[in-house]
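Structure first, then comments.
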Amino acid sequence: MVKESAAGAYLSFSGHLGARARQVLKDPHFDVIDSQGTRLILGKCSRLPDDEDPGAGRYGIDFHRALPPFQDASGFTCDWGTGPIPVNAYTYAQYLPKTLRFREFTANLAFAARTLEDYRAKFQVYQAFYRHIYQAPCPTVIAAPHAGEVRRPPDQYHPFPQHETDAWTSRVAVRCLDGTPGEAKRLLISLHSTDYFGACFDLGDFGLPQNHLLPGLTNRLNQRFFGEIAMLLPAFCAASSSAWNFSTKGCGSMPVRSAYDTYKSGWSLILR
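In this note's numbering, the protein residues as written are -17 to 254.
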C-alpha cells in the first residue's frame, strides 16, 4: 500500500487500496489520501532544517513543531556560552548546523529560514499541512508527520540523522484504515515511532481536555496486549541496555502510558 525505504521512511503511496482510496494531494512534503471517512496525511520531507533541496521544492520542515517567527521574538532564547540569542527562523538558519545541538531550536521551531522569501515558501507548506488536517471533510484524520526520508549525512553536530525518521509509521497509518470508527465524533491521530524513548505508545499530550479518560484506556490496552508484549520485552530490554546504557530495572512495565504523566513532547491522540 505504501512504499518505504530500507530505514522505514515513507516514499510514496502505491495505490493498492483501489476504489477505497482517493489521493487528494501529492506534494514533495506530504501526501494526502482519503478513504471511507478517513484522511491519511503522510509526511515525506525530512524534519531537519538543513536536509532539503530547494531547487526541487523540497524543504526540511518539522510539522510537529510550532510555526516560528522570521526575525521577531518567539519567547525563547539560546545561550551556548556567548550570550543569549533569539530563537527564531533566521537565527536557526544563520547558525546551522550548530543549532541542531540545542533543543531551544529543535524542540520549538518547525523550520529555519535565511531569507524572507525562504520563510514565506516554508510558511505556505506548513499552513497547507494543517489546513488538510483541520479542514478535512472526514471525521477521522491520521497523520504521520515524521515519516519522511532523512538524507542528511552524519557529522559532529548530528551523528545519527536517520533516527529523526519515525520509521514504519506510514504503513501503520494505512493499516488503521481498517479499524477507524464510523461515528461522527472528531478523531485526530498523530502517529510517531518510539525513537529515543523506547517501546511505548503515548496517549494524550498538548493539553488534551479529556485527560481523565486516559488512565483507564491505558490499563485496557496493557491488559489486551499483555501476552504479545511479554514475549518481546526481554529482547527489547537487552537491546535498550546495550544501545543506550539504560538500566533494565523496571523493564517489566507495560509500554502504554498516559503522556501527560511523562515529559515526552508531541501529541499522539487528540479527541475533539
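Every residue, glycine too, gets a C-beta built ideally from N, C-alpha and C.
Quick caveat, the model's predicted, so the values are computed rather than measured.
Delimiting residues of the alpha helix (DSSP H) encompassing residue i
i	result
Gln18	Element bounds for Gln18: n/a, residue is neither H nor E.
Ser172	Premise fails: Ser172 lies in the beta strand (DSSP E), Leu169 to Ser172, not in any alpha helix (DSSP H).
Arg83	Premise fails: Arg83 is in no alpha helix (DSSP H) and is neither H nor E.
Thr73	Ala71 to Gln76
Own chain residues within Cβ distance below 6 Å of residue i, not counting five before or after
i	result
Phe93	Pro31, Ile43 and Lys104
Ile124	Leu22, Ala155, Cys158 and Ile171
Pro141	none
Lys167	none
Simplified DSSP assignment, three categories, for residue i
i	result
Asp258	As shown, the chain starts at -17 and ends at 254. That puts residue 258 outside it, with no answer to give.
Ile43	coil
Lys8	strand
Thr200	helix
Leu22	strand
Cys233	With a pLDDT of 41 at Cys233, under the threshold of 50, the modelled position of that residue is not reliable, and the figure given next carries that caveat. Coil, per DSSP.
Thr151	helix
Thr59	strand
Pro143	helix
Ala38	helix
Pro68	strand
Pro119	coil
Cys27	coil
Residue j beta carbon less than 7 Å from that of residue i
i	j	result
Thr20	Thr122	yes
Phe58	Asn90	yes
Thr64	Tyr74	no
Gly25	Ala118	no
Phe(-5)	Asp16	no
Arg96	Asp33	no
Val(-16)	Arg153	yes
Arg29	Pro10	no
Tyr139	Pro50	no
Ala129	Tyr101	no
Arg4	Gln18	no
Asp131	Ser(-13)	What sits at residue 131 in the sequence shown is Glu, not Asp. A contact, by the Cβ cut-off of 7 Å.
Phe111	Phe207	no
Start-to-end residues for the beta strand (DSSP E) that takes in residue i
i	result
Ala125	Thr122 to Ala126
Ala103	Careful: Ala103 lies outside any beta strand (DSSP E), inside the alpha helix (DSSP H) at Leu98 to Tyr116.
Phe(-5)	Tyr(-8) to Phe(-5)
Chain-order list of residues whose beta-carbon lies under 7 Å from that of residue i (same chain, five-residue window excluded)
i	result
Gly(-10)	Thr147, Ala149 and Trp150
Lys231	Only weak support exists for where Lys231 lies, its pLDDT of 35 falling under 50; the value from the coordinates is given anyway. There are no such residues.
Val69	Ser56, Phe58, Thr59, Cys60, Glu86, Phe87, Asn90 and Leu91
Val107	His11, Tyr41 and Ile43
Residues bridged to residue i (per DSSP)
i	result
Val270	What the structure shows of the chain is the stretch from -17 to 254, and residue 270 is not part of that stretch, so it cannot be assessed.
Gly130	Tyr(-8)
Ala306	Residue 306 cannot be examined here, being either before or after the span of the chain that is shown, -17 to 254.
Cutoff 8 Å; reference residue i; Cβ partners in own chain excluding five residues on either side
i	result
Asp137	Pro79
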